[in-house]
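So the structure is just underneath, and the comments pick up after that.
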Amino acid sequence: MTHILVTNDDGVFAPSLLVLARELESIGRVTILAPDRNWSSSGHVKTLNRPLRVKQVRLEDGGDAFACDGAPSDCVALALLGYLKDKVDLVVSGINPVANLGSDLTYSGTVSAAMEAVIFGVPGIAFSFDSLNGPRDYQLDGAGKVCGRVVSKVLNNGLPEGVLLNVNIPNLAENEIKGYQITRQGKRVYRDLLDSRVDPMGRPYYWIGGDVPTGVPDTGTDIGALSQGYVSITPVHLDFTAHQWEDEMRSWIWA
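Per the working numbering, the sequence shown starts with residue 44, numbered consecutively.
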């Protein structure tokens with residue numbers, strides 16, 4: 044039976060993690076190993092300067108899981124390096140309650156867990172849903188069904204070496220989702236601001252804040268698909284090389 048590792052960056056007790064894990068139990072054997080707290084926007088972390096600790100916990104529905112005091116990528120590394128004795132066939136991360144689009148991938152703890160899997164030669168999928176679409180409640184059940192469909196397709200067809208999937212789901216009921224689109228990364232627009240303050244001891248400190256990021260909804264992009272009510276599936280390669288610029292840069296005079 045296929046062995047699926049489920050993790051996230053919102054913490055082992057996040058309701059969306061439980062929805063994802065229970066949906067995937069109809070597809071394979073699921074083991075949950077996730078952070079013991081929120082690691083949102085943590086990026087791709089490898090903890091080397093302190094020991095990592097794991098404990099078994101009981102989830103809201105009575106099921107068992109493992110909680111680690113490291114980052115999402117640490118959780119995956121631990122599992123694949125031998126903490127889990129049985130071979131892992133697929134790593135699934137999510138469901139993140141905020142979309143991960145465009146350049147968000149460089150920040151996302153959700154996506155970094157799937158990246159860590161691919162580094163170890165195991166297929167990885169990151170799932171997020173767009174809870175900032177509007178005032179409606181999270182449509183977690185519909186999101187769970189989407190995850191199950193995508194995972195089944197990956198297990199049936201496989202993924203190329205070095206490729207993960209970044210999947211973003213509209214915050215819609217299952218019957219309102221228009222379909223699935225294969226997309227490229229779009230242009231994310233950030234409106235970050237630096238808030239400078241002084242503490243009671245007279246020492247300065249800083250918050251990085253600002254408005255919620257937006258994006259350019261170009262056709263064929265993750266941002267465009269999501270804005271139109273489609274599930275966006277973006278194949279992401281870990282080779283960041285800008286190959287189209289290699290020949291141009293070789294023509295420069297370097298000596």
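Note that beta-carbon positions come from the ideal geometry of N, C-alpha and C, so glycine has one too. These figures come from a predicted structure and were not determined experimentally.
Asked, Found
"7 Å CB neighbourhood of Gly229 in its chain, flanking five on each side removed", "Leu144, Gly145, Gly258, Val259, Asp261, Thr264, Asp265, Ile266, Gly267"
"Contact between the region 77-97 and the region 113-126 (3+ Cβ pairs under 8 Å)", "yes"
"First through last residue of the beta strand (DSSP E) which encompasses Pro110", "Here residue 110 is Ala; the residue named in the question, Pro, does not match the sequence. Per DSSP, Ala110 belongs to the beta strand (DSSP E) from 107-111."
"Buried or exposed by the 16-neighbour rule on C-beta atoms within 10 Å, applied to Ala64", "buried"
"Span of the alpha helix (DSSP H), counted from its first residue to its last, around Ile162", "152-162"
"Collapsed DSSP secondary structure at Ala114 in the structure displayed", "coil"
"Supposed close pair Pro166, Val197 - CB separation, criterion 8 Å", "6 Å"
"Cβ-based burial, Val241 [other Cβ within 10 Å; buried from 16]", "exposed"
"Environment of Gly177 [buried if 16+ CB atoms lie within 10 Å]", "In this prediction, Gly177 has a pLDDT of 42, which is less than 50 and means its spatial position is unreliable; nothing more can be read from the coordinates."
"Span separating the alpha-carbon of Pro256 from that of Tyr150", "13 Å"
"Whether Val279 touches Leu202 by CB criterion (7 Å)", "no"
"Minimum Cβ-Cβ distance from Val88 to chain B less than 7 Å", "Protein chains in the displayed structure number just one, and chain B is not present."
"Start and end residues, alpha helix (DSSP H) containing Lys196", "183-200"
"Helix, strand or coil at Asp290 [DSSP, three-state]", "helix"
"Cβ neighbour criterion (16 or more within 10 Å) applied to Gln99", "exposed"
"Identity of the residue in Val154, Lys130, Gly185 nearest Val210 by Cα", "Val154"
"First and last residue of the uninterrupted beta strand (DSSP E) at Leu67", "That residue, Leu67, is in no beta strand (DSSP E); its alpha helix (DSSP H) goes 58-67."
"Three-state class that DSSP yields for Ala298 in the structure shown", "coil"
"Rounded separation between Pro58 and Leu148 - CA only", "22 Å"
"Proximity below 7 Å, CB of Gly252 to CB of Glu66", "no"
"Where Thr226 sits in the DSSP three-state scheme", "coil"
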